[in-house]
Every structure is written in structure tokens, then in C-alpha cells.
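Participant: Numbering (our numbering), first residue to last: 75 to 649.
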RNA sequence: CGGGGCGUGGCGCAGCCUGGUAGCGCACCUGCUUUGGGAGCAGGGGGUCCCGAGUUCAAAUCUCGGCGCCCCGACCA
């Protein structure tokens, strides 16, 4: 491909509204252009990277016997009513009405459509398992789209769905898909983690997320370097925390703590270890008001609380609710003497505490020397803790590590969550009808490409892992006037292209500086510069974007050397 | 939805407070020079100042209403 005939326009000024590197660089490099909030045009250069990822995905899924099809983006409301999600999915579901006033939605995911398909075609256990996927445009009306392709409203997703006669069949395919995902992200040349995750709105029992590690990632990942345990922070569980020194207990007594609402303030004021202060948080849920006690120095995990209560509607209560529940303004809630209609739960982190401090449920007052059992008792103990770095691993006790990642894939065991309500059944060996076990497997195409940039860039631009680079090699003659330069450039370009190398010829009438800056910005993994000085000695200049080290190679060796470098840049090769 | 900010040639911005000629840099076009890290000089083209209403002799500027966009928090591939 010749630059002059490819639709590729880089931009010098950094766009004002792009904050993160991948967003900025994709716009500057001419890969995407915004059309509306969270909605982008994929320009030819960007589309090439996305297509390369799609090719990798297709190849690896084929090995897992996952079969491609394509479902409609626009889906009738009836199917969503059957599954119950028409009402439950909320505002993220873009609902549209046709000319006959029939309701449709633009698909954010395709469980309903695929289940409808399979229930009509599959009737016997002999036809199972079935594993189908598509790569398709989804729309989720996100509350806040941001970061370019990282969180768009319209986005490309690979979504796969499997159907099984029983749990063991599901387990087998789930593991096949897990391995396929491992292969896909490895083949992309990305550093990634596979972690246990909360299954969220899609539902189901078991799920794993694939995270591309990046400092700017939106997800927080907990891992154990010793035993390999890894989980999304939303789900991560720790072992028992080290308890603060036990304390002699006297009778619970009230102390005045005027204006001291935060745990830090109270601990300092009363000269106690913050770990011996019990923090009581009041939540509004669709199961009524719930108070939860947790150790003063720790954060509560609302996802865990929601799971415990079997709801997603968990919100910190407002002042009025807190006053009604505790009889005190915000900042003085405690386990002793809560209103009778308030459910009281406690995190394991406070279970071992003795003679602790807590809010008095009374303005400007706290209680000291409070004891579980004697003074207060939760309705239930549970794990509501947000795990932090250095907490002990629940499996092996080693200190956990916390890092950030970008969620690029998520695989779920759905069980019969959709097959049951939608009547997706089959006849088993005994001829009786059973709901199919289902799995579903998502992978964000645009997000993965954005994550690759997030993980691989410098101040000059993108540093593509070879498999996702829009072009592998740039051939750049430094002048458009010197016929000798052009002749060599054309020849090398033609030879590389003939060998099947993805090569772009920078045939623009631009000055050298412009060509270098653009080459760095777009991040061609291999660059072949043809300049007057070196060509006088029969040489051209070869360099890798990754290290920018320049090598002079003779014109006759150039193509071979490029092939060697490309080989070295393949993931898995030592560099 | 809560909190903050922005909307002025293609892009990045100034002008607005204190109403009166729409301006700068980049990009673009023409010419000359230049040609190994975003060139120089000269000339040139291009703007419903987000939309609507109001105030005023006069509105980019003041007032009201709308729309769009971005950033920080709860959602997710």
C-alpha cells in the first residue's frame, strides 16, 4: 500500500477531549474519528488492526470448535420479555420503536437471540454440545462513555455462546474457551492476567476475566504471586486479617466526640488504633435499609454486599435514611441500638475485635469498650471486604498484590439462567425434557486493540506488538525528488509486498522530519529508511520501533534482514 | 444521575469580565528557497462565533431556555 493512496491523515495537535494514551494516540495516528459520544468511525488504519485481531480470534476459536454465525443487531422486545431482561436491563438497553409502534432494542448482547435460535434447532442430547460465536457491533447506552474505544457505546465484540446437556459438558467447553482466550491474547503479544470475577448483570455462577495489565486500567486486580490466585477486586477474597492487639474489656461507655465523624478523626481523638474502630455504613437497598459493620481502616465492597443480599440495588443511604435508622446524623452510626427495621450485618474483619470503638447512634458521641455478644450482634457475618495489597491470600496466606488492568475478555458459566425461562430444552437419554446448560464468552475487539496501545506506547507514539500492527513495515524514502532513492524504495517495497509482508510505502512529498514523526506516532514495528547519505554507500537504514536502534544494511540484504526482524518480533520469540 | 468544565474557520486556542472592525498558531492553496527528526519567506482562501428567544441603536460578548461534548464517582467487552 502506498501512503498517498491510503486514507491516512495524522493529526499534530493533541485532541482536547482525549485523556488516556490509547484514545489520544488512536485519534492522532488516524485510526479512529469520533462521530458522537462513545461512537466512532474506524478509519482504514484502525480497521486494519481490528481486522488483524479478528483474524487471530477466528483462528483460535476454530481450534476450539467454536463456529461463526451472525445475528441481527436489532432485536424484538418479545425475546427480552421472555428472559425477563426487558424490564431488568435498565437504561443501558437502547430501545427503539418501528413504524408500527413495535418495540425493539439494539442488542447489547445476544443471549436471547441465540437461545431462541438453538431452542428451535436442537431437540436432542445427541445434537449437543453447540458452540457458536459472532463478531458484531453492540450498543450499550453507557452512563458515561469515555476513553475512546476503551468504553464506547457502540463497540465491536466477539460473543460466543455454548449449549450443553449437563454441567460437565459445560465445564469442558468452558475450559476449551479459557485456553482459546489464553492463546488469543498470547498471540497478540499482550501481557495479560486471567482472574476470577463477579458475573454482574449477565448472570450465572462462575466467571473469569481476562485483563491486559496497564497502569491506566479501570479494573483493579488482586493476585497472589505465590499460589497464582487471581481475582477482580470486586470478587477477591482474603484470608483472616491480622487482628489488632486484644484489649481488656470494661463496660461499654459513651464518650463525647464532637464533630468527629471520620474513623481517622475518631481514632486520633480517642488515641486508639483505627483497626479497633468499627465503621458502620448504612445502605439503601431494594430489601430495605441495611447497616454493615467493617473495620475502620478498610473499605466495604458493595458488589459483595449486593451478592449477599441478592440484589444490585445497593446505595449508600442519604442523611434522612441514616437519621431514621440510627437516630443520629451521618458519622455516628454504630451497631448498638439501631432501629428495629434495619438489618445489621458485619464483616469478618471485625469479628475478632474486642473492646472496640464505634458510633453511638447519637450525635457527637461514640462508644468505647464495646463487645460482640454482650452489646451487639449482627444478623449475619459475611465477607464484605475490599481486598487490599498485602492482605493474606485466602488460599496460601502470602501477601496479595494489587494492580490495574483493562478487562478485554469475560467468560461465564450461565447455567440455565436463559434456557430455563426461554424453554430451551432437549430430550435427554431417558427422553425427558431438560433445560440446557449454557456458557457465554465475550471479547472486546476494539477494547483489546486500545489496551494493546495502552500497554505499549511512549511519548512519541504507539509501539505495536507485531500481530496487531496495522502495517508491519514502513518503507520511507526521505526525498521525493531523488530518483535513485525512489527507485530503491520502490524496489524494496515491491519485494517485501511480494513476500507477503504488510508494508506501507511513504511516498508522500513530505520532509524527512515529518515522515519520522509520523512513523513513530503510528508505530510501524519495522522501519526501512532510504536516505541519500547511506544510499551513497549502498546502504539503507533499518530500525525497530521498540528500541529505535538503527542498523545500516546493504540494499541487497535489506529484504532478508527485514524478514529476520519480523521473525524476532513475533510473540513468543526471545527478543 | 450527582459534582466540575467547555462549545469561536479542519485542529488547538485568544477575544467575552468592561457590547461596536472576528483574531492567533497549525493545517490548506500559489510561488521561490530548503530536504536525515513536525522548514523559511512572500502572497492567498476559508467562520451560521452550538441553537433559539430576549435586552440593546448595536450581541461571539449581557439575560433566559435548549442542545452537544469532556473530566471525576456508581455500570461493563
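All C-beta atoms in this analysis are idealised placements derived from N, C-alpha and C, irrespective of residue type, glycine included.
Between which two residues does the alpha helix (DSSP H) harbouring residue 194 extend?
Facilitator: Working through the first chain from its first residue, we reach residue 194 at position 120. Where residue 194 is concerned, the enclosing alpha helix (DSSP H) stretches over 185–195.
Participant: Determine the direct distance from the alpha carbon of residue 272 to that of residue 587, and round the result to whole angstroms.
Facilitator: By one-based count along the first chain, residue 587 stands at place 513. By one-based count along the first chain, residue 272 stands at place 198. Going from the Cα of residue 587 to the Cα of residue 272 covers about 49 Å.
Participant: Assign residue 22 to one of two classes, buried (16 or more other C-beta atoms within 10 Å of its C-beta) or exposed (fewer than that).
Facilitator: Residue 22 lies beyond the residue range present for the chain, which begins at 75 and ends at 649; the question has no answer from this structure.
Participant: Between which two residues does the alpha helix (DSSP H) containing residue 537 stretch?
Facilitator: Residue numbering aside, residue 537 sits at position 463 when the first chain is read from its first letter. First-last for residue 537: undefined, no H or E at that position.
Participant: Along the chain, where does the beta strand (DSSP E) containing residue 232 start, and where does it finish?
Facilitator: Counting from one through the first chain, the residue named residue 232 turns up at place 158. Its beta strand (DSSP E) spans residues 228–238.
Participant: Counting C-beta neighbours from all protein chains within 10 Å, is the total for residue 544 16 or more, i.e. buried, or is it exposed?
Facilitator: Indexing the first chain from 1 puts residue 544 at position 470. Flag for residue 544 reads buried.
Participant: Please state the DSSP three-state secondary structure of residue 247.
Facilitator: Working through the first chain from its first residue, we reach residue 247 at position 173. The answer is helix: DSSP assigns residue 247 an H, G or I state.
Participant: Alpha carbon to alpha carbon, what distance is there between residue 365 and residue 493?
Facilitator: On the first chain, residue 493 is found 419 positions in, with the first residue counted as 1. On the first chain, residue 365 is found 291 positions in, with the first residue counted as 1. Straight-line Cα distance between these residues: approximately 36 Å.
Participant: Since residue 39 is in the beta strand (DSSP E), which residue starts that stretch and which ends it?
Facilitator: Outside the modelled stretch of the chain, which goes from 75 to 649, sits residue 39, for which no answer is possible.
Participant: Under DSSP, the alpha helix (DSSP H) around residue 562 begins and ends at which residues?
Facilitator: By 1-based counting over the first chain, the position of residue 562 is 488. Run containing residue 562: 557–572, per the alpha helix (DSSP H) assignment.
Participant: Rank 169, 262 and 128 by C-alpha distance to the C-alpha of residue 231 and give the top, closest one.
Facilitator: Position 157 of the first chain, counting from 1, holds the residue named residue 231. Of the listed residues, the one whose Cα sits closest to residue 231 is 128.
Participant: Near residue 332, what residues of its chain come up, given a Cβ to Cβ distance below 8 Å and the 5 sequence neighbours on each side ignored?
Facilitator: Start at 1 with the first residue of the first chain, and residue 332 comes out as number 258. The residues are 438.
Participant: Please classify residue 96 as buried or exposed, where buried requires at least 16 other C-beta atoms within 10 Å of its C-beta.
Facilitator: As a position in the first chain, residue 96 is number 22, starting the count at 1. Buried: at least 16 other Cβ atoms inside 10 Å.
Participant: Starting from residue 455 and walking both ways along the beta strand (DSSP E), at which residues does that stretch end?
Facilitator: Residue mapping note: residue 455 aligns to position 381 of the first chain, counting from 1. Taken as a continuous stretch (DSSP letters only), the beta strand (DSSP E) holding residue 455 covers 454–456.
Participant: In chain order, what residues of the same chain have a beta carbon less than 6 Å from the beta carbon of residue 283, not counting five sequence neighbours either side?
Facilitator: Locating residue 283 in the first chain gives position 209, where the first residue counts as 1. Contacts found: 269, 271, 306, 481 and 484.
Participant: Alpha carbons only, please: which of 85, 100, 76 and 86 is nearest the one belonging to residue 521?
Facilitator: Indexing the first chain from 1 puts residue 521 at position 447. Comparing Cα-Cα distances from residue 521 to each of 85, 100, 76 and 86, the minimum goes to 100.
Participant: Would you mind working out which of 385, 246 and 390 sits nearest residue 684, comparing C-alpha positions?
Facilitator: In this structure the chain extends from 75 to 649, so residue 684 is not present and cannot be described.
Participant: Just to confirm the assignment, what range does the beta strand (DSSP E) spanning residue 442 have?
Facilitator: Working through the first chain from its first residue, we reach residue 442 at position 368. Looking at the DSSP string, the run of the beta strand (DSSP E) that includes residue 442 is 439–444.
Participant: If you draw a straight line from the alpha carbon of residue 330 to that of residue 375, how long is it in whole angstroms?
Facilitator: Your numbering for residue 330 matches position 256 in the first chain. Your numbering for residue 375 matches position 301 in the first chain. In a straight line, the C-alpha of residue 330 is about 30 Å away from that of residue 375.
Participant: Only counting the same chain, and skipping five residues up and downstream in sequence, which positions put a Cβ closer than 7 Å to that of residue 188?
Facilitator: Counting from 1 along the first chain, the entry for residue 188 is found at position 114. Here the set comprises 145, 206 and 235.
Participant: Thinking residue 397 and residue 403 are a contact (beta carbons under 8 Å), I'd like their distance in whole angstroms, please.
Facilitator: For the purposes of this step, residue 397 is taken as the residue at position 323 of the first chain. For the purposes of this step, residue 403 is taken as the residue at position 329 of the first chain. The Cβ separation is near 6 Å, so the contact holds.
Participant: Near residue 92, which residues of its chain fall below 7 Å by C-beta distance, leaving aside the five closest residues on each side in sequence?
Facilitator: In the first chain, residue 92 corresponds to position 18, counting from 1. So the qualifying residues of the chain are 98, 101 and 222.
Participant: Counting only runs of 4+ residues fully inside the region 503–532, write out the alpha helix (DSSP H) ranges in chain order.
Facilitator: With a minimum length of 4 residues, the continuous alpha helix (DSSP H) runs that stay inside the region 503–532 are 519–529.
Participant: Using only the alpha-carbon positions, how far apart do residue 649 and residue 463 sit?
Facilitator: Here residue 649 is taken as the residue at index 575 of the first chain, counted from 1. Here residue 463 is taken as the residue at index 389 of the first chain, counted from 1. Unreliable placement is indicated for residue 649, whose pLDDT of 43 sits below 50; no coordinate value is reported for it.
Participant: Taking the beta strand (DSSP E) that residue 486 belongs to, which residues open and close that run?
Facilitator: Within the first chain, numbered from 1, the residue matching residue 486 stands at position 412. Looking at the DSSP string, the run of the beta strand (DSSP E) that includes residue 486 is 475–489.
Participant: Secondary structure at residue 130, three-state DSSP: helix, strand or coil?
Facilitator: Within the first chain, numbered from 1, the residue matching residue 130 stands at position 56. DSSP places residue 130 in helix when its eight states are reduced to three.
Participant: Going by CA-CA distance only, name the one from 195, 151 and 197 that's closest to residue 176.
Facilitator: Along the first chain, one-based indexing puts residue 176 at 102. Nearest option by C-alpha distance: 151.
Participant: Residue 126 and residue 541: beta carbons closer than 8 Å?
Facilitator: Here residue 126 corresponds to residue number 52 of the first chain, with the count starting at 1. Here residue 541 corresponds to residue number 467 of the first chain, with the count starting at 1. Taking 8 Å as the Cβ cut-off, residue 126 and residue 541 qualify as a contacting pair.
Participant: Leaving out the 5 sequence neighbours to the left and right, which residues in its chain are closer than 6 Å to residue 514 when beta-carbon positions are compared?
Facilitator: Working through the first chain from its first residue, we reach residue 514 at position 440. For residue 514, where only same-chain residues beyond five positions count, the Cβ hits under 6 Å are 235, 486 and 488.
Participant: If contact is defined by three or more beta carbon pairs under 8 Å, each pair taking one atom from either stretch, is the region 349–360 in contact with the region 426–433?
Facilitator: Flag = yes, the region 426–433 and the region 349–360 touch.
Participant: Excluding the 5 residues flanking residue 633 on each side, which residues of the same chain have their C-beta closer than 8 Å to its C-beta?
Facilitator: Taking the first chain and counting its residues from 1, the one referred to as residue 633 is at position 559. The residues are 566, 569, 570 and 573.
Participant: How far does the alpha helix (DSSP H) with residue 328 in it reach, from first residue to last?
Facilitator: Here residue 328 is taken as the residue at index 254 of the first chain, counted from 1. First-last for residue 328: 327–330, but that is the beta strand (DSSP E), not the alpha helix (DSSP H).
Participant: Among 639, 339, 499 and 77, which residue has its Cα nearest to the Cα of residue 195?
Facilitator: Position 121 of the first chain holds residue 195. Minimum Cα distance to residue 195 is reached at 499.
Participant: Which of the three DSSP states is assigned to residue 255 in this structure?
Facilitator: Numbered from its first residue, the first chain carries residue 255 at position 181. If DSSP states are grouped into helix, strand and coil, residue 255 belongs with the helices.
Participant: Might you give, ordered along the chain, the residues of its own chain that have their beta carbon closer than 6 Å to the beta carbon of residue 297, omitting 5 neighbours on each side?
Facilitator: In the first chain, residue 297 corresponds to position 223, counting from 1. 304 and 475.
Participant: Given that a residue counts as buried once 16 or more other Cβ atoms are within 10 Å of its Cβ, and exposed if not, what is residue 625?
Facilitator: Taking the first residue of the first chain as position 1, residue 625 is located at position 551. Flag for residue 625 reads exposed.
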